[in-house]
Amino acid sequence: MMKDEYFENGYVVRRGLLPADLIAELNQRFADVADGIREPAKNMQVVRNVEVAKGLVTPKTKAHGISKMNFVQADPVLRKYSACVPLLDQVEQLIGRDLISMNSMYLNKPPHVDGRHPLHQDLIYFPFRPADSIVGVWSALEPITRENGCLVMIPGSHKGETHAHDYPDWEHKNHLFLGVKDVDSSGRVHIEMEPGDTVFFHSNIIHGSGFNKTEGLRRAIAIHFANARCEDIWGGHKQTLDKYSPRDDYRLVRGEDPNGYVTHH
């Protein structure tokens, strides 16, 4: 059963979940925004790679200079990801029917830059609890391999503590990429994926990704869902939440919102 595997390992992969036409549409919208053909939607962030922003690397194309786009639910095309019915059906099996989507991202890992994401736990970015009611969803938009920087998971680590996080000791670190210090990664699993494959992962699992050692891009799209009946343990949306997952990126995608978390739906 999907739910049993998910709560045992902290993640589960569903192959071929996204249809090819949606993948093509998502990738084309990324290309249009990256190339300046279309302006980013209001409240959407286009994040350049650190080395590109510092002038240390000259990207081959505009897309090669972008590491990700944040809060992409603001875009009517990229928003289709969080409305994908097969995806929502899987999420509902894991955390229930009343679903809020948040922290939406188009992830682009170009070559020739340090695009690593340190091992970390997403739970530190969210004010909701319990942790079992928050799930991350990450879909491949092209072949994802160890060579181009696939996801890495440490199975079962979601059952442990939520660790203190800090910046990694790297030369070119992203100020939003925090990592767990001194974690034992010997049991890590590399999640290689084909376009449309989707991994659902627990908010407390330790995970990350490596370098892109190829000449191409590594494109994916990701989002988090929380059960709308979760408790807000921060007692309101503090500045940290606005920085990592602003409230206008919350959308009610299924069921009811009894706590009134959503401002746009």
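Reading the sequence shown from the start, the letters are residues -4 to 260 in the working numbering. By construction, the Cβ of each residue, glycine as well, lies at the ideal position given by its N, Cα and C atoms.
Spatial neighbours of residue i in its chain, beta-carbon cut-off 6 Å, leaving aside the 5 residues before and after
i, result
"F220", "V86, L94, S96 and V130"
"H59", "P105"
"R74", "Q68"
"D117", "G131 and S198"
"T140", "E187"
"C225", "F123 and S128"
"A36", "A69 and D70"
"I90", "S128, V130 and N222"
"A126", "L118, S198 and N199"
Residue i versus residue j - alpha carbon distance
i, j, result
"D227", "F121", "9 Å"
"E34", "Y162", "32 Å"
"D252", "R246", "10 Å"
"R124", "S180", "26 Å"
"T193", "L51", "34 Å"
"H115", "C145", "15 Å"
"A29", "H112", "21 Å"
"L21", "P14", "11 Å"
"T157", "D70", "33 Å"
"P150", "Y256", "31 Å"
"G174", "H185", "18 Å"
"A159", "W229", "17 Å"
"K49", "K176", "26 Å"
"K233", "I119", "In this prediction, K233 scores a pLDDT of 44, lower than 50, which makes its location untrustworthy; no coordinate-derived value is stated."
"Q88", "Y76", "18 Å"
"S62", "I218", "16 Å"
"G110", "D164", "14 Å"
"R183", "R214", "22 Å"
"L17", "E3", "31 Å"
"N254", "T53", "47 Å"
"V178", "Y1", "22 Å"
"A19", "F172", "28 Å"
"D(-1)", "V72", "33 Å"
Same chain only: Cβ atoms within 8 Å of residue i, ignoring 5 sequence neighbours per side
i, result
"Q40", "M64, N65 and F66"
"A78", "V248"
Residue i vs residue j beta-carbon contact at 9 Å
i, j, result
"E189", "G11", "yes"
"V147", "V108", "no"
"L102", "I216", "yes"
"K57", "G31", "yes"
"S128", "N222", "yes"
"N44", "D244", "no"
"L212", "E137", "yes"
"R9", "M(-4)", "no"
Inter-residue CB distance, residue i and residue j (contact presumed, cutoff 8 Å)
i, j, result
"G191", "S134", "7 Å"
"F195", "V80", "Incorrect: roughly 15 Å between the Cβ atoms, too far for contact."
Chain-order list of residues whose beta-carbon lies under 7 Å from that of residue i (same chain, five-residue window excluded)
i, result
"S152", "G5, I200 and I201"
"G250", "R92, D93, L94 and A223"
"T235", "Here T235 scores only 44 on pLDDT, less than 50, and its place in the model should not be relied on; the value that follows carries that caveat. Excluding sequence neighbours, T235 sits near nothing in its chain."
"K154", "none"
Cutoff 9 Å: residue i Cβ touching any chain B Cβ
i, result
"N98", "The question asks about chain B, but that chain is absent: this structure has only one protein chain."
Below 8 Å, can you find three or more Cβ-Cβ pairs linking the stretch 201 to 209 to the stretch 17 to 25?
no
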